[in-house]
Amino acid sequence: MSVKDLIYATAKAGGLFPWAQQKTRDGLCILCYHGLSFTDEHQFRPKLFITPELFRQRMQYLKRSGYTALSLDEALERLQHARLKEKELVITIDDGFYSIAALAAPILKEVGFTATIYVTTYYVERNNPIFRLALQYLFWKTPLNALDCIGLPNDGRNSCPTRGAAADTLLWQLIDVGEARLNEVGRMALAREVARRLEVDFDELVSSRRLSLMSEAEVAKLAEQGFDIQLHTHRHQLPVDPVAARRELHDNRVVLRPLCERPLRHLCYPSGIWSKQLWPVLAAEGVATATTCLPGRNYASTPRLGLKRFLDFQTLPSVIFEAEVSGFSEILRRLAGRAELSR
Numbered sequence: 180m181s182v183k184d185l186i187y188a189t190a191k192a193g194g195l196f197p198w199a200q201q202k203t204r205d206g207l208c209i210l211c212y213h214g215l216s217f218t219d220e221h222q223f224r225p226k227l228f229i230t231p232e233l234f235r236q237r238m239q240y241l242k243r244s245g246y247t248a249l250s251l252d253e254a255l256e257r258l259q260h261a262r263l264k265e266k267e268l269v270i271t272i273d274d275g276f277y278s279i280a281a282l283a284a285p286i287l288k289e290v291g292f293t294a295t296i297y298v299t300t301y302y303v304e305r306n307n308p309i310f311r312l313a314l315q316y317l318f319w320k321t322p323l324n325a326l327d328c329i330g331l332p333n334d335g336r337n338s339c340p341t342r343g344a345a346a347d348t349l350l351w352q353l354i355d356v357g358e359a360r361l362n363e364v365g366r367m368a369l370a371r372e373v374a375r376r377l378e379v380d381f382d383e384l385v386s387s388r389r390l391s392l393m394s395e396a397e398v399a400k401l402a403e404q405g406f407d408i409q410l411h412t413h414r415h416q417l418p419v420d421p422v423a424a425r426r427e428l429h430d431n432r433v434v435l436r437p438l439c440e441r442p443l444r445h446l447c448y449p450s451g452i453w454s455k456q457l458w459p460v461l462a463a464e465g466v467a468t469a470t471t472c473l474p475g476r477n478y479a480s481t482p483r484l485g486l487k488r489f490l491d492f493q494t495l496p497s498v499i500f501e502a503e504v505s506g507f508s509e510i511l512r513r514l515a516g517r518a519e520l521s522r
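Start counting the sequence shown at 180; every next residue gets the next number (my numbering).
In structure tokens, the structure reads:
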């Protein structure tokens, strides 16, 4: 157990979590998730994928402890008018992985929770694994120590290791070539060839949809079930250039608007990258709120285009998750902030 874990465990045993709940009841906790794991995705990217078992444990803990999951609209309305009750929070899920429809939604319905699901839409229209993520997975999954590079876009080497700095360089060369120079057919052909050379079953990766997003029909079904489908840009990027940013929002809305009845007015910044420079553009485009990946509670004074969230992930100890939702971590952040100001 780390020193941090020990501090949290001691605080929990000493009854400080309920105390912190009272002290932070005027702040809204927004939780963040991404995908659930069908097989080994949580080992590949533990901050991107968690197992269904762990997700169920987290949701059951919240339910058992008396938490209520509100829609983002309702939670922010209550926050603004000082009507937010203790143990009311928001669950958000980014990207729109197929595993959300197949695994997460049934668990949420089991415990009676709703969620806001931010969907990036380029791969919603295409029944393919996400190219960048697929290549990263192939390099992680391969049993080989070296890759035959002959004929592949690279810096002229015939062979390259599959681990370490040289492998990372080659991986990003392949990603850059695919994203900048190839169309979707070309990208999938490149990914399939790399998979063949790395001895990873690409057909299984495609058919399992482990690294794929939901289809339009699956997104629409979640909306019908009461989940709040919202914006996450079309190509999972939000350039600081206003014209390009507007295009991302427009293209995202074009895909999502026929699939859900609720207004598309909430955005999640892709990859947690954001800039205040874009706030006037977002406001002009009808974006009322935008979520970051900065940890912390949200208050009536928190800018709605800079909402904070807490990312839960596979290797996060349960006591730290409990400390976050109880508000104890928020108390520590406040104390750290005061200490910084006093220096």
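Cβ coordinates follow ideal geometry from the N, Cα and C atoms, glycine included.
Check: Distance, glutamate 265 Cα to alanine 361 Cα; Outcome: It should be pointed out that residue 361 corresponds to leucine in this sequence rather than to alanine. Rounded to the nearest angstrom, the two C-alpha atoms are 51 Å apart.
Check: DSSP three-state assignment for asparagine 431, whether helix, strand or coil; Outcome: helix
Check: Minimum length 4: unbroken alpha helix (DSSP H) runs contained in the region 205 to 280; Outcome: 220 to 223, 231 to 243 and 251 to 259
Check: The region 329 to 340 touching the region 302 to 315, judged by at least three CB pairs closer than 8 Å; Outcome: no
Check: Limits of the unbroken alpha helix (DSSP H) element including glutamine 352; Outcome: 344 to 360
Check: Sequence-distant residues of the same chain with beta carbon closer than 8 Å to proline 418, five excluded per side; Outcome: Ala424 and Glu427
Check: Nearest candidate by alpha-carbon position, reference glutamate 464, set Phe223, Leu287, Gly193 and Asp430; Outcome: Asp430
Check: Inter-residue spacing [alpha-carbon to alpha-carbon] between isoleucine 510 and phenylalanine 196; Outcome: 10 Å
Check: Cβ distance (whole Å) where threonine 468 is taken to contact tyrosine 448 below 8 Å; Outcome: Wrong, their Cβ atoms sit about 11 Å apart, outside the cutoff.
Check: The alpha helix (DSSP H) enclosing leucine 461, as first and last residue numbers; Outcome: 458 to 463
Check: C-beta atoms of glutamine 259 and alanine 479 nearer than 7 Å; Outcome: yes
Check: Straight-line gap, glycine 516 to glutamate 397 (C-alpha atoms, nearest Å); Outcome: 43 Å
Check: At least 3 beta-carbon pairs within less than 8 Å: the region 276 to 292 vs the region 340 to 348; Outcome: no
Check: Three-state class that DSSP yields for valine 182 in the structure shown; Outcome: helix
Check: Contact under 7 Å by Cβ, methionine 238 with valine 298; Outcome: no
Check: Simplified DSSP assignment, three categories, for glutamine 409; Outcome: strand
Check: Option nearest aspartate 420 by Cα separation, candidates Leu457, Ala325 and Leu514; Outcome: Leu457
Check: CB of threonine 271 within 7 Å of CB of isoleucine 209, strictly; Outcome: yes
Check: Anticipated Cβ contact below 8 Å, threonine 293 with phenylalanine 217, distance rounded; Outcome: Contact flag wrong, Cβ pair sits at about 24 Å.
Check: Cysteine 211 versus glutamate 503 - alpha carbon distance; Outcome: 12 Å
Check: Top-ranked residue by Cα proximity to arginine 488, from Leu268, Pro437 and Val434; Outcome: Leu268
Check: Where aspartate 420 falls: helix, strand or coil (DSSP); Outcome: coil
Check: Simplified DSSP state of serine 338, which is helix, strand or coil; Outcome: strand
Check: Alanine 325 - DSSP class collapsed to helix/strand/coil; Outcome: strand
Check: Cβ-based neighbour list, glutamate 358, same chain, cut-off 8 Å, excluding 5 preceding and 5 following; Outcome: Phe310, Arg311 and Arg366
Check: Selection from Phe234, Pro442, Arg204 and Leu185 that minimises the alpha carbon distance to threonine 494; Outcome: Phe234
Check: For valine 379, the first and last residue of its enclosing beta strand (DSSP E); Outcome: Looking at the DSSP string, valine 379 is not in any beta strand (DSSP E), and its letter there is neither H nor E.
Check: Top-ranked residue by Cα proximity to glutamate 207, from Pro496, Leu263 and Leu215; Outcome: Checking the sequence shown, residue 207 turns out to be leucine, not glutamate. The residue with the shortest Cα to Cα distance from leucine 207 is Leu263.
Check: Bridge-paired residues (DSSP) for valine 298; Outcome: Asp274 and Leu410
Check: As assigned by DSSP and simplified to three states, the class of threonine 189; Outcome: helix
Check: Whole-angstrom distance between threonine 247 and leucine 215, CA atom to CA atom; Outcome: 22 Å
Check: Nearest candidate by alpha-carbon position, reference glutamate 220, set Asp355, Tyr301 and Leu384; Outcome: Leu384
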